[in-house]
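Comments concern the structure below.
See the structure below:
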């Protein structure tokens, strides 16, 4: 317990400061903790060096499967050889600049978030995130502006992961907002519909939604009506996460004091005007950490599309692992470690950003 | 109120579109400009994407032949790799126009699942693969073994039936996706890998060391692998059926990719009629132009050529013609006459 | 979304417009319901037409047919001549067992991680933080693949099994453990043990109530000794019980005898538990840190030991903060058992939406069954946790 440290007998300042005192206070406060520290240190010494050996020192950085098997460590040569596929999937190499450009557009939109305080920042952000999907679809799919069509079955790898994640995030937000508003509506028909929708989608796993989208949706549609498989998956992901998001946003709506609603109505605002300009901006701001957590979940959930036969980053790594020229134990482990690291960087970064926001918002409220 | 109007008109529009769309597969494919073909997600020799995502293989050639016949371009095909569980629903739902995916023709699939099967492209049977080091040379020695198998396949059912009939036990490890079955067998999770013999031959190739694995001599089932289309569109069924027959008939007549232009001037009226020579009705009957057979054969070759190119003895798979030889050579491949 | 402008969380003011807006609201709702009905009718009609045109079988009659396949992991009896319905029950049993074991293990690991996270020992708390950040930021599916393939591959075959000791063996065929074979006396002893446990718990409960009412503690140790030691021992000797161990032994391809935890089960359980445990750890930490410092300090001032403070002051209050988010995590674990189908664990998705769907071709019915199952489980967990929450909040002072 942190509180025990506060109740250590008073010492002279000299022994409270300095590294030796820090070590004593934090690692060896009493004999039990000291023993635990030693045990953990021993475990770390046993595991960390072999891990570093495997990851870097014994690893094969170039060559083919035989080199990897001979090296005995991680097989980074495999990642190197398949790098293009891991990032772009089967996207034709001569068109890969389009993917690069879309990723830049995404980065630019994210950079907008970090803009210093400028007037209308909220609208700039909204605008850039409305423009983003349009730009991305035109760039990636083509068929417009003289760009050659690249069908979605060629999309894959990290790029597809980003497409599914971003589409899930951008699609889920409006669905979530509408559902959250509907759930608090005074009209029973609409409220019941929204509650049913939210609870239904929250109760079943994403896999079944994806199965629905990939297998059943076409059966619901009239004959001859076809929709791209990826698009169907994206709709499924957006609806599923929209339901999750609705619950997060509902929390924000509940936190808005009644006075805000009353003041808005009193000043003659209609429902939509009040929601858009008064209520939602406040509600959304309070739930930003929750929203970002949902976004982390969305990124992690993108991997499920491999079950319905789309090759996201994990899917394409798995395909590489079981391809004829790379079948080997160390390649399997390396592949999963690589994919895991890729996802980890994305999710960890995002959750750090969420914490940063949470702190910023907290200080803002305290002022 | 405004919102209500918009929604009502949207509903009306939706109802309208529901009534309007009821086209036939052939028209849809033509309008779309490409054929949607369901294939296996990577079985060497049958359907396999290269590093750039281009598909090739025995099953893929059927899609190409149909695309050549219908769209005059064998490359106008989009391939959808399908797992065992997805394959039938993808066809039922209209996501794909035809399925050319090492699929066994059975009564259940032909009826309750709503499929129509084109002629058999490959007569196969279920076999077993084990590690050479296990010193097993017959299935009868496999009592108590752990078996890796594709879930939702005829293989899974045959396996259960065979072991029951022979009073043996086994532990199944079932995966939906073939590459996971393979990975599990390669990771030594199972003693035995069971699948169609052709599939085993293909998967053996991608093992860390193919020579470590042997096929057991027994074949425990009949697995006639055939392309399939969905019920309810006879014309499309005819097109796929007769494209397959055309490939087989071409081998019987000795028409190859190279000599097809000479064959156009053949003395044999059967050949010229099939290839759409002067006054031939083959196009009119099936609802395509007269050159459809010509295009199919000239783009992919005859049945024998396809076999030799992808799975035959000179390929890494080293599969003999066996049952898949022409009936004239003692095999089962027999095309119906183009008359 | 047709929501009218006069909606808000507050009642509309009673103005002359009241009637009009009421009518408008009713109109909008009628329109919405009509639209929804139209949409549903449209989808149904399409589905019917599609099924009809292609002659696809429909209805749940297939559940009575012979399944014909085998299931390796089964927590409810099943063999290949049983029906699809029985296969469905086996899948339900498998899923429920996996979820329950997973929830137990995840709670345990999560509790340890959460306590470690607030430990005064810097190393321990850092290590717990690293654990949390690694496991919660990597997709579960990937973790499952990693547990299954990356851990399975290095394990030896059954003939070179690692002997753990005590008759337990670990190989890529699974973890083989000796199985106790109980005669009727031994089974009675187990019953006696359970009875004794309930007895001791009841006595402890009364002692607690007594203390709460009077402030005096009553000793309870003797009840625990009687319930857990004396009663079972007496039964054991009275019935002249005996117990044998079925030790697994290598025979042919594999071990025979004993009991086995197959790799699919092990990987699914570990993958799910370690993943959810990261979230549980964070929840436990937040719960403990959420308890007012004054409480701990007051307890210290009263001379309670650290263990007592934890047990009597911090944890009961922390539970109230912990249980609602914990419910979400448990539901998430139950839903995530569906991912275990990717590593060949025979649960609902694998058996029903997988094999049964392919063998019968009835996608609509099988997926509907799977969804109905998850819906039930989710509601059940919510109900159980609500009950717990009610108990915890009721016990408040």
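Chains as they are written, first to last, in this note's numbering: chain A, 1 to 367; chain B, 368 to 706; chain C, 707 to 1103. The beta-carbon is built from N, C-alpha and C at its ideal position, and this holds for glycine as well. From a predicted model like this one, the values you see are computed outputs, not experimental measurements.
- Using DSSP bridges, identify the partner residues of residue 950 (chain C). What you label residue 950 (chain C) is simply residue 244 of the third chain in a count that begins at 1. According to DSSP, residue 950 (chain C) bridges with C:887.
- Query: Would the beta-carbon of residue 157 (chain A) fall within 8 Å of that of residue 85 (chain A)?
  - Reply: For the purposes of this step, residue 157 (chain A) is taken as residue 157 along the first chain, with counting starting at 1. For the purposes of this step, residue 85 (chain A) is taken as residue 85 along the first chain, with counting starting at 1. Yes.
- Query: From residue 849 (chain C) to residue 976 (chain C), what does the alpha carbon distance come to, in whole angstroms?
  - Reply: For the purposes of this step, residue 849 (chain C) is identified with residue 143 of the third chain, where counting begins at 1. For the purposes of this step, residue 976 (chain C) is identified with residue 270 of the third chain, where counting begins at 1. Cα to Cα, the separation comes out at about 9 Å.
- Whose C-beta lies closer than 8 Å to the C-beta of residue 649 (chain B) among residues of the same chain, with five residues either side of it excluded? The sequence position of residue 649 (chain B) within the second chain is 282, counting from 1. Closer than 8 Å at Cβ, skipping near neighbours: 640, 641, 643, 657, 659, 660, 705.
- Query: If you measure from the beta carbon of residue 578 (chain B) to each beta carbon in chain A, is any gap under 8 Å?
  - Reply: Reading the second chain from its first residue, position 211 is the one you call residue 578 (chain B). By this cut-off, residue 578 (chain B) is not an interface position.
- Closer than 7 Å at the beta carbon, the chain B residues around residue 852 (chain C): Reading the third chain from its first residue, position 146 is the one you call residue 852 (chain C). Those within 7 Å of residue 852 (chain C) in chain B number zero; the least Cβ separation is about 13 Å.
- Query: With C-beta atoms as the reference, is residue 64 (chain A) less than 8 Å away from residue 206 (chain A)?
  - Reply: For the purposes of this step, residue 64 (chain A) is taken as the residue at position 64 of the first chain. For the purposes of this step, residue 206 (chain A) is taken as the residue at position 206 of the first chain. Against a cut-off of 8 Å, the Cβ pair of residue 206 (chain A) and residue 64 (chain A) comes out as no contact.
- Item | For residue 580 (chain B), three-class secondary structure by DSSP | Position 213 of the second chain, counted from the first residue, corresponds to residue 580 (chain B). The answer is strand: DSSP assigns residue 580 (chain B) an E or B state.
- Query: When the Cα of residue 921 (chain C) is compared with those of C:928, C:929, C:927, C:912, which residue comes out closest?
  - Reply: Numbered from 1 along the third chain, position 215 holds the residue referred to as residue 921 (chain C). The option with the nearest alpha carbon to residue 921 (chain C) is C:912.
- Can you pull the DSSP bridge partners for residue 868 (chain C)? The count along the third chain starts at 1 and reaches residue 868 (chain C) at position 162. DSSP output for residue 868 (chain C) lists C:876 as bridge partner(s).
- Message: Taking the alpha carbon of residue 665 (chain B) as the reference point, which residue from B:489, B:470, B:622 has its own alpha carbon closest?
- Response: Reading the second chain from its first residue, position 298 is the one you call residue 665 (chain B). Of the candidates B:489, B:470, B:622, the one whose C-alpha sits nearest the C-alpha of residue 665 (chain B) is B:622.
- Interface flag, residue 839 (chain C) vs chain A, CB-CB below 8 Å: Your numbering for residue 839 (chain C) matches position 133 in the third chain. So, interface residue.
- Message: Checking 8 Å against the spacing of the C-beta atoms, do residue 548 (chain B) and residue 512 (chain B) come in under that value?
- Response: Looking up residue 548 (chain B) in the second chain gives position 181. Looking up residue 512 (chain B) in the second chain gives position 145. For residue 548 (chain B) and residue 512 (chain B), no; Cβs fall outside 8 Å.
- By the 10 Å Cβ neighbour count, where 16 or more other Cβ atoms means buried, how is residue 46 (chain A) classified, buried or exposed? For the purposes of this step, residue 46 (chain A) is taken as the residue at position 46 of the first chain. Its Cβ having fewer than 16 others within 10 Å, residue 46 (chain A) is exposed.
- Between which two residues does the alpha helix (DSSP H) containing residue 1066 (chain C) stretch? As a position in the third chain, residue 1066 (chain C) is number 360, starting the count at 1. Taken as a continuous stretch (DSSP letters only), the alpha helix (DSSP H) holding residue 1066 (chain C) covers 1063-1066.
- Task: Report buried or exposed for residue 943 (chain C), applying the criterion of at least 16 other Cβ atoms within 10 angstroms of its Cβ.
- Result: To locate residue 943 (chain C), count along the third chain from 1; it is residue 237. Classification of residue 943 (chain C): exposed, given that the 10 Å Cβ count is below 16.
- Comparing alpha-carbon positions, which option in C:796, C:792, C:819 lies nearest residue 1051 (chain C)? Stepping through the third chain from its first residue, residue 1051 (chain C) is reached at position 345. Per the Cα distances, C:796.
- So what's residue 391 (chain B) in DSSP terms, helix, strand or just coil? Position 24 of the second chain holds residue 391 (chain B). It is coil, neither helix nor strand.
- Message: Please list the terminal residues of the continuous alpha helix (DSSP H) segment that includes residue 1046 (chain C).
- Response: As a first step, residue 1046 (chain C) is located in the third chain; it is residue number 340 there, counting from the start. Counting along the chain, residue 1046 (chain C) falls outside any alpha helix (DSSP H), and DSSP gives it neither H nor E.
- Message: For residue 229 (chain A), would you say it is in contact with chain B, using Cβ-to-Cβ distances shorter than 8 Å as the test?
- Response: Residue mapping note: residue 229 (chain A) aligns to position 229 of the first chain, counting from 1. For residue 229 (chain A), the answer is yes, since a Cβ of chain B falls inside 8 Å of its Cβ.
- Query: Given that a residue counts as buried once 16 or more other Cβ atoms are within 10 Å of its Cβ, and exposed if not, what is residue 389 (chain B)?
  - Reply: For this step, residue 389 (chain B) is matched to residue 22 along the second chain. At residue 389 (chain B), the pLDDT of 37 sits below 50, so the modelled position is not reliable and the matter cannot be decided from this model.
- Message: Quick check on residue 836 (chain C) - is its C-beta less than 8 Å from some C-beta in chain A?
- Response: Position 130 of the third chain, counting from 1, holds the residue named residue 836 (chain C). It does not; no Cβ of chain A falls within 8 Å.
- Would you verify that the beta carbon of residue 797 (chain C) is, or is not, closer than 8 Å to some beta carbon of chain B? As a working note, residue 797 (chain C) is residue 91 in the third chain. It does not: the Cβ of residue 797 (chain C) has no partner Cβ on chain B nearer than 8 Å.
- Query: Rounded to the nearest angstrom, how far is the Cβ of residue 1002 (chain C) from that of residue 1015 (chain C), given a contact under 8 Å?
  - Reply: Here residue 1002 (chain C) corresponds to residue number 296 of the third chain, with the count starting at 1. Here residue 1015 (chain C) corresponds to residue number 309 of the third chain, with the count starting at 1. That pair is a contact at about 6 Å.
- Return the CA-CA distance between residue 674 (chain B) and residue 431 (chain B), expressed in angstroms with no decimal places. Against the second chain, residue 674 (chain B) aligns to sequence position 307. Against the second chain, residue 431 (chain B) aligns to sequence position 64. Cα-Cα distance, rounded: 14 Å.
- Query: Of all the options C:852, C:928, C:874, C:994, which has the alpha carbon lying nearest to the alpha carbon of residue 825 (chain C)?
  - Reply: Numbered from 1 along the third chain, position 119 holds the residue referred to as residue 825 (chain C). Of the candidates C:852, C:928, C:874, C:994, the one whose C-alpha sits nearest the C-alpha of residue 825 (chain C) is C:994.
- residue 506 (chain B) to residue 898 (chain C), Cα distance in whole Å? Here residue 506 (chain B) is taken as the residue at index 139 of the second chain, counted from 1. Here residue 898 (chain C) is taken as the residue at index 192 of the third chain, counted from 1. Going by the C-alpha atoms only, they are around 49 Å apart.
- Item | DSSP bridge partner residues for residue 496 (chain B) (one or two, in chain order) | For the purposes of this step, residue 496 (chain B) is taken as residue 129 along the second chain, with counting starting at 1. In DSSP, residue 496 (chain B) forms a bridge with B:560, B:582.
- Could you check where the beta strand (DSSP E) with residue 862 (chain C) kicks off and where it finishes? Your numbering for residue 862 (chain C) matches position 156 in the third chain. Run containing residue 862 (chain C): none; DSSP gives neither H nor E here.
- Query: Which two residues bound the contiguous beta strand (DSSP E) that contains residue 965 (chain C)?
  - Reply: Position 259 of the third chain, counted from the start, is the residue given in the question as residue 965 (chain C). 965-967 is the extent of the beta strand (DSSP E) around residue 965 (chain C).
- Drop a sphere of 10 angstroms on the beta-carbon of residue 941 (chain C), count the other beta-carbons inside from all chains shown, and report buried for 16 or more, exposed for fewer. Residue 941 (chain C) sits at position 235 when you count from the first residue of the third chain. Per the 10 Å Cβ criterion, buried.
- Flag residue 1051 (chain C) as yes if its beta-carbon sits less than 8 Å from any beta-carbon of chain A, otherwise no. Position 345 of the third chain, counted from the first residue, corresponds to residue 1051 (chain C). No, residue 1051 (chain C) lies away from the interface with chain A (no Cβ there is under 8 Å from its Cβ).
- Item | Straight-line Cα distance separating residue 470 (chain B) from residue 774 (chain C) | In the third chain, residue 774 (chain C) corresponds to position 68, counting from 1. In the second chain, residue 470 (chain B) corresponds to position 103, counting from 1. Each residue's alpha carbon lies about 19 Å from the other.
- Task: Whole angstroms is fine: what's the gap from residue 818 (chain C)'s alpha carbon to residue 38 (chain A)'s?
- Result: Residue mapping note: residue 818 (chain C) aligns to position 112 of the third chain, counting from 1. Residue mapping note: residue 38 (chain A) aligns to position 38 of the first chain, counting from 1. Going by the C-alpha atoms only, they are around 18 Å apart.
- Item | One or two residues paired with residue 404 (chain B) in a DSSP bridge | Counted from its first residue, the second chain places residue 404 (chain B) at position 37. B:446, B:465, per the DSSP bridge assignment.
- Residues from the segment 513-526 of chain B in contact with chain C, defined by Cβ distance under 7 Å: 513, 518, 519, 523, 524
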